[in-house]
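Colleague: Chains A and B, in that order, give the protein sequences.
Note that my numbering has the first sequence beginning at -15, numbered continuously upward.
Note that my numbering has the second sequence beginning at 2, numbered continuously upward.
No residue lacks a Cβ here, since even glycine has one placed at the ideal position from N, Cα and C.
Got a structure here, written out as structure tokens. Questions coming.
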Amino acid sequence: MLRVTLANIGAHKRRLVSTFTAVVLGVAFLAGVLVQTATLQHKFDVMFDTSSAEVDAVVRSDRSAPGYDDGERIHAPLDPAVLDRVRLVPGVADAQADWEGTAVVIGADGDPLGTNGPPKLGLTWHDDPELSAYRIVDGRAPVAPDEVVLAVGTASDGDLSVGDRTTVLVPDEVAVTVVGLATFGGRDSAGPTTTALFSEAGARAHLATRSGGVDGTVGLGRILLTAAPGVDDDTFASTVRAAAGDGTETLSRSEFRAENRDGIDDVMNFLRPALLSFALIALLVAAFSIYNTFAIIVAQRTREAGLLRAIGASRSQTLRAVLAESALVGLVASIVGLGLGLLVAVGLGSLLARGGLGLPGGLLLAPATSIGCVVVGTVVTVLCALGPAVRASRVAPMQALRAADVDQSATSVVRLVIGSLTAAAAVVGVLWATVGSGGMAAGGLAIALGVLALVVLGPIVAAPAGRVIGLPLRLRGVTGDLARLNAVRNPRRTASSSAALMIGVAIVALFTVLAASITATVDDQIRRQVGGDLVVTALGGTVPPGTAAEVAEQPEVATATGFGPATLTLDGQEEQVITSDVPTLTGLLETDPVAGDMSSVVGDRLAVSQAEADRRGWAVGDTIDVERVDGTRTELVVGAVYRTTDLLGDVLVPRTVVVDHGQPLTDFAVMVELADGVSVAAGRAAIERTVADLPTVDVMDRDELSASIAQEVNTVLYLVYGMLALSIVIALMGIANTLSLSTLERTRELGLLRAVGQTRRQARAMIRLESVVVAVYGTALGMAVGVLGAWVLVASDTSGQIGGFTVPADQLAVVLALGALAGVVAAIRPASRASRRQPLEAIAGG
Amino acid sequence: MTINVPVARLVGAEKTYGSGPNAVHALAGVDLDVVGGRFLAVMGPSGSGKSTLMHCLAGLDTLTRGSVIVGGTELGSLSDRALTRLRRDRIGFVFQQFNLIPTLTCRENIELPVRLAGRRLDRAWFDTIVGAVGLGHRLDHRPAELSGGQQQRVAVARALATKPDLMFADEPTGNLDSRTGAEILAFLRDAVDELGQTVAMVTHDPVASTYAHGAVILSDGRIVDRVEEPTVDAVLDLLTNVGGLTCSA
């Protein structure tokens, strides 16, 4: 039987091409994702291990400073006395003060370096090589506060070299001289980051502003320590911890490394499942194509199988023959797919690099990844062939020999019952998610069940649905009629070849609708909440201190006020609060007050959100005990309760409460209202002049603000489209292949049509229109599922991030048109092959 | 249709497959007039070239040398498109089997060539041909629901639908039992006698040839004999002469 198997593969090469390609593409995507994520993980691990250098312990304050740096807590400044104490601890080889911060380097062309995303690091230079992975390769170490060493990569990006003068934003402008260039662990830079290294004096002067000063004295960021040889890591850490004393926390060597990796693990834990799910979708779509191809091939071979059975092959032998064939095809295709996967990994890598996750270096192909991908590809192929193979083996020998192309009855009662039950379960899931308390998880489950129900019911739905979709084809006369009838003549085949497309389109539609809903919600929020004319924002969300005051001084500006972060301990609980000139801000941002008076929130008053008031049991008039980061205390009275927290957070405090108490006041944004009679263009020109010396600062009107947020959402959407493109391509190849095999089955019929007067053009149009009906059916079904699914998710969203369900009709119309166009494209080859066939060949073939 | 005017002619028709010493001459110089308003039987043993002759005459195949003229048009110079149009508008076909499109009803099958041309079938003519083949009550059935004989009747009706200059029948009774076959042959003869059609039929069955006005006998790509008002005995004799009886049937 093996020889029969091999001979079959040889004889049906062309028919297997699409199975082969589907497996190759599916496995390639899977392999690409696995290889790229493993590589990325490895590179980040190496990078963070490198950046941890040979540091054996870290001491820092156990309190937080206001704001976040890349989502991480910033620690309050450390008392310099701690450094003197830990230096005396036995076993300490070296202990140095260290500051980390953000430092945007301005390139030779005046533009800030780095992309929005990866950190722009401002670090402290250490002469002790055990404390830093940076090594000077050109020039010298920084000494004066205005001297910096740049990473080699950063310098070349900015076209800067040793001796050049430039500006660094920390976020205040600092004029610096580049005195040296350094490598990071032997590389030009630490991944996609930019790096500027300051001397200890420079770091204390510039980077410490973020960490703040206490009572006018500048605290330390943290202390890095190395142990003398032979000292045990944990013992060392506990000795240091004891010496450091109250108000500090000490990390051991391994804790420091683990924390450094934490941040990237968060990214990877999000990225890996996200990428994997797209790979699995591609594989699922590929599975439909594989199943369909085998179903058709086996159907066409029923005669052959019958003959084999008639001459004595057993049922299990015919079954084995098909399975062996699928296993062989699956294995070879998976190996090819694995190879192609490396290319996919490279492509993914550059896609991720655009998102700020790029790291230089080669790919990491673990043996487990290779074996896993090949096994998955082969198993999926064999499983897909199993159904058709079992069906073929059940055929009685004589029945098979007699067999004509009888339509398999698709409407089985079992199918109807299972499908209906699944559909019912999906409806229950939808109710649980939207009306009940199931939330988004239940919504997702309901969507999956819905798709499953459609796949099961597909063969039953396909014929009537195809007939309806094909109705406009009546206008094309008999060619259209024939196309429409052909599209539904084998409902099971129509259903499974369109199911692949359905799944791809459903996800496209889902994300399109979700993105539109999010954008519309944000747009609505901005329109409702932002009352001013213009908004001043900055790269990294930090508008330099003093900007608001400068802007407010312009004659074109009526009022301008910023709002930014601060840390306060309220009734014993440390919280991130927003500070601002509250009455002015209330005029520029809708706060939706529910109690008290926002304009009264000055002096010793504060405002809290409804949610915060409920949580803490506060009401207007209550007095709250407040401790500032410098340890001073005061009491504040709740002056108002408001509802809108999207931009303002839970606690609003007047600037005067915090200013001069150890926290520099930067702004997230500055809201501007122009003076009467000043046009937006004129006002904007005036503000842009004011901030011209601040390269990171941007002036936007409300439309631009919502457009900039919409753009961020759309960037994600396009990334999703990119990931789904491969699935859609596989689905289309499946449709093309099904069409090819179907026309091959209908050779005689096509010949007859040509003999009685169908022109080549009509033959092509007939096949093309058939393909369009199948493609539009799959697209329409997918769109229905996607839109409904998006509605379920929006309706079950309890976080309130997506307020309204918005269907972007124009975008969906484009998707539908593309679906129809895809049908045309899929039909190009089958149609031209079928129309080129001479009518006589077909008739003689009978 | 005027009697005795040829609606189709073959002049010096040659058809060669392959080249050099392996060349097979399916047609080795055939001259034939298909006269309007008559029923012509083309006979011969297997491999005599009768099918090739018909395919060339019907624009389904091209000649190596010589010419085919249908209704005054020389087919050799026509493009695929023009040939298709000629088949659609001026020639009707009845094949041995697989004559009908399985997805279309009988009515739709009959109307197919006319609708492919983008026209509507003349109602009166439709009733005439449907009446002639006796199918009125089964028009909305699909081919799979009909017997082989009924399917061939639909095929005859379809061939007549465009009022063709010429109808070709290629072993139209080959797949039928003798009684049903006789019915089909009678329909073809009626189409000539009563509807004024012209029919050329390829067959190797001497009985079938008796329904024709005349018969030509082919052997090795040449016309070796012609008979007017053929009888079974006369045709049998001629076929025996060319060795047809041992090779065919």
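Any heavy atom of the ligand GDP closer than 7 Å to the CB of ARG149 of chain A?
Modeller: This structure lacks the ligand GDP, and indeed carries no ligand of any kind.
Colleague: From which residue to which residue does the alpha helix (DSSP H) around VAL769 of chain A run?
Modeller: Taking the first sequence and counting its residues from 1, the one referred to as residue 769 of chain A is at position 785. Note, VAL769 of chain A: alpha helix (DSSP H), 744 to 780.
Colleague: List the residues of chain B that GLY461 of chain A touches, going by C-beta distances under 7 Å, in chain order.
Modeller: Sequence index remark: in the first sequence, residue 461 of chain A carries index 477 (1-based). Those within 7 Å of GLY461 of chain A in chain B are ARG116 and GLY119.
Colleague: Going by Cα to Cα distance, which pick from A:ALA60, A:THR179 and A:PRO372 is closest to THR232 of chain A?
Modeller: For the purposes of this step, residue 232 of chain A is taken as residue 248 along the first sequence, with counting starting at 1. Checking every option, the nearest Cα to that of THR232 of chain A belongs to A:ALA60.
Colleague: HIS56 of chain B versus chain A: which residues are under 7 Å apart at the beta carbon?
Modeller: By one-based count along the second sequence, residue 56 of chain B stands at place 55. Neighbours of HIS56 of chain B on chain A, chain order: LEU824.
Colleague: Return the Cβ separation of ALA22 of chain A and LEU348 of chain A in integer angstroms, given the expectation that the two are a contact with Cβ distance under 8 Å.
Modeller: Your numbering for residue 22 of chain A matches position 38 in the first sequence. Your numbering for residue 348 of chain A matches position 364 in the first sequence. Their Cβ separation, rounded to whole angstroms, is 5 Å, which keeps ALA22 of chain A and LEU348 of chain A in contact under 8 Å.
Colleague: What are the boundary residues of the beta strand (DSSP E) that TYR118 of chain A is part of?
Modeller: By 1-based counting over the first sequence, the position of residue 118 of chain A is 134. From DSSP, the beta strand (DSSP E) with TYR118 of chain A extends over 118 to 123.
Colleague: Helix, strand or coil for GLY16 of chain A, going by three-state DSSP, please let me know.
Modeller: Reading the first sequence from its first residue, position 32 is the one you call residue 16 of chain A. GLY16 of chain A: helix per DSSP, three-state reduction.
Colleague: If you measure beta-carbon to beta-carbon, which residues of the region 736 to 749 of chain A are closer than 9 Å to chain B?
Modeller: Cβ contacts with chain B come from LEU736, LEU737, ARG738, ALA739, VAL740, GLY741, GLN742, THR743, ARG744, ARG745 and GLN746.
Colleague: Is it buried or exposed, ALA446 of chain A, if we count other Cβ atoms within 10 angstroms and call 16 or more buried?
Modeller: Mapped onto the first sequence, residue 446 of chain A falls at position 462. Looking at its Cβ environment, which holds 16 or more other Cβ atoms inside 10 Å, ALA446 of chain A is buried.
Colleague: List the DSSP bridge partners of ALA81 of chain A.
Modeller: The residue labelled residue 81 of chain A in the question sits at position 97 within the first sequence. According to DSSP, ALA81 of chain A bridges with A:ILE207.
Colleague: Nearest CA to the CA of ARG256 of chain A: which residue from A:PRO126, A:GLY16 and A:ALA242?
Modeller: Within the first sequence, the letter at position 272 stands for residue 256 of chain A. The shortest C-alpha separation from ARG256 of chain A is found at A:GLY16.
Colleague: Within the chosen definition, does the region 176 to 190 of chain A reach the region 88 to 107 of chain A through at least 3 CB pairs nearer than 8 Å?
Modeller: The answer is yes - the region 88 to 107 of chain A touches the region 176 to 190 of chain A, with three or more Cβ pairs under 8 Å.
Colleague: Report the neighbours of LEU733 of chain A on chain B: residues whose CB is nearer than 8 Å to its CB, in chain order.
Modeller: Position 749 of the first sequence, counted from the start, is the residue given in the question as residue 733 of chain A. In the sequence as presented, Leu is not what sits at residue 733 of chain A; that position holds Glu. Those within 8 Å of GLU733 of chain A in chain B are PHE99, ILE102 and PRO103.
Colleague: Out of curiosity, what's the CA-to-CA distance linking SER249 of chain B and SER47 of chain B?
Modeller: In the second sequence, the residue the question calls residue 249 of chain B occupies position 248. In the second sequence, the residue the question calls residue 47 of chain B occupies position 46. For SER249 of chain B, the predicted model reports a pLDDT of 39, less than 50, meaning its position is unreliable; a value from the coordinates is still stated below. SER249 of chain B and SER47 of chain B: Cα-Cα distance of roughly 6 Å.
Colleague: What is the DSSP secondary structure of ALA544 of chain A, counted as helix, strand or coil?
Modeller: Stepping through the first sequence from its first residue, residue 544 of chain A is reached at position 560. In this structure, ALA544 of chain A counts as strand in the three-state DSSP scheme.
Colleague: Have a look at GLY788 of chain A and ALA187 of chain A and give me their C-alpha separation to the nearest angstrom.
Modeller: Locating residue 788 of chain A in the first sequence gives position 804, where the first residue counts as 1. Locating residue 187 of chain A in the first sequence gives position 203, where the first residue counts as 1. In a straight line, the C-alpha of GLY788 of chain A is about 47 Å away from that of ALA187 of chain A.
Colleague: Just to confirm my understanding: we take VAL157 of chain B, look at its own chain, exclude 5 residues before and 5 after, and list those with CB closer than 6 Å. What are they?
Modeller: Taking the second sequence and counting its residues from 1, one reaches residue 157 of chain B at position 156. VAL95, VAL134 and PHE188, listed in sequence order.
Colleague: What does PHE188 of chain B reach in chain A if we use C-beta pairs closer than 7 Å?
Modeller: Within the second sequence, the letter at position 187 stands for residue 188 of chain B. Correct list: empty, because the minimum Cβ distance to chain A is about 18 Å.
Colleague: Spatial neighbours of GLU729 of chain A within its chain, please: CB distance less than 6 Å, with the 5 preceding and 5 following residues excluded, ordered by chain position.
Modeller: The residue given as residue 729 of chain A occupies position 745 in the first sequence. Excluding residues within five positions, none has a Cβ falling inside 6 Å.
Colleague: Evaluate contact between the region 132 to 143 of chain A and the region 204 to 213 of chain A, counting only Cβ atoms and requiring at least three cross-stretch pairs below 8 Å.
Modeller: Flag = no, the region 132 to 143 of chain A and the region 204 to 213 of chain A do not touch.
Colleague: On the three-state DSSP scale, how would you describe SER68 of chain B?
Modeller: Residue mapping note: residue 68 of chain B aligns to position 67 of the second sequence, counting from 1. Note: SER68 of chain B maps to strand in three-state DSSP.
Colleague: Residues in its own chain within less than 8 Å of VAL604 of chain A by CB, not counting five upstream and five downstream?
Modeller: Counted from its first residue, the first sequence places residue 604 of chain A at position 620. If we look at VAL604 of chain A and ignore the five residues flanking it on each side, its Cβ neighbours are ALA579, GLY580, VAL622, GLY623, ALA624 and VAL625.
Colleague: So, is the C-beta of GLY82 of chain B closer than 8 Å to a C-beta in chain A?
Modeller: Counting from one through the second sequence, the residue named residue 82 of chain B turns up at place 81. The question names Gly, but residue 82 of chain B in the sequence shown is Arg. It does; some Cβ of chain A falls within 8 Å.
Colleague: On the CB-based measure, 16 or more other CB atoms within 10 Å of its CB, does HIS56 of chain B come out buried or exposed?
Modeller: Within the second sequence, residue 56 of chain B is the residue found at index 55, counting from 1. HIS56 of chain B is buried by the Cβ-count criterion.
Colleague: Give every residue of the same chain whose Cβ lies closer than 6 Å to the Cβ of ALA806 of chain A, excluding the five residues on either side of it in the sequence, and list them in chain order.
Modeller: Numbered from 1 along the first sequence, position 822 holds the residue referred to as residue 806 of chain A. Contacts found: LEU716 and ALA759.
Colleague: List the residues of chain B that VAL473 of chain A touches, going by C-beta distances under 7 Å, in chain order.
Modeller: Counting from 1 along the first sequence, the entry for residue 473 of chain A is found at position 489. This sequence places Arg at residue 473 of chain A; Val is not what is there. Chain B residues near ARG473 of chain A: THR104.
Colleague: Along chain B, in chain order, which residues have C-beta atoms closer than 8 Å to that of LEU469 of chain A?
Modeller: As a position in the first sequence, residue 469 of chain A is number 485, starting the count at 1. What LEU469 of chain A touches in chain B: THR104 and LEU105.
Colleague: Report the rounded CA-to-CA distance for ASP218 of chain A versus SER690 of chain A, giving the unit in angstroms.
Modeller: The count along the first sequence starts at 1 and reaches residue 218 of chain A at position 234. The count along the first sequence starts at 1 and reaches residue 690 of chain A at position 706. Each residue's Cα considered, the two are about 51 Å apart.
Colleague: Can you tell me which residues form a DSSP beta bridge with MET202 of chain B?
Modeller: Residue numbering aside, residue 202 of chain B sits at position 201 when the second sequence is read from its first letter. DSSP lists B:ALA42 and B:ALA170 as partners of MET202 of chain B.
Colleague: Going by C-alpha distance, which of B:VAL208, B:THR104 and B:SER52 is nearest ASN470 of chain A?
Modeller: By 1-based counting over the first sequence, the position of residue 470 of chain A is 486. Out of B:VAL208, B:THR104 and B:SER52, B:THR104 has the C-alpha closest to the C-alpha of ASN470 of chain A.
Colleague: Write down every uninterrupted run of the alpha helix (DSSP H) in the region 621 to 648 of chain A whose length is 4 residues or greater and which is fully enclosed by it, in chain order.
Modeller: Listed in chain order, they are 639 to 642.
Colleague: By DSSP, does LYS27 of chain A sit in helix, in strand, or in coil?
Modeller: Stepping through the first sequence from its first residue, residue 27 of chain A is reached at position 43. Helix, per DSSP.
Colleague: How many angstroms separate the CA atom of LEU370 of chain A from the CA atom of VAL452 of chain A?
Modeller: In the first sequence, the residue the question calls residue 370 of chain A occupies position 386. In the first sequence, the residue the question calls residue 452 of chain A occupies position 468. Cα-Cα distance, rounded: 33 Å.
Colleague: Please report the straight-line C-alpha distance between MET31 of chain A and ALA437 of chain A, rounded to a whole angstrom.
Modeller: On the first sequence, residue 31 of chain A is found 47 positions in, with the first residue counted as 1. On the first sequence, residue 437 of chain A is found 453 positions in, with the first residue counted as 1. Distance between the alpha carbons of MET31 of chain A and ALA437 of chain A: 47 Å.
Colleague: Can you tell which of B:THR199, B:ALA209 and B:VAL203 has the C-alpha that lies nearest to the C-alpha of ARG180 of chain B?
Modeller: Against the second sequence, residue 180 of chain B aligns to sequence position 179. Minimum Cα distance to ARG180 of chain B is reached at B:ALA209.
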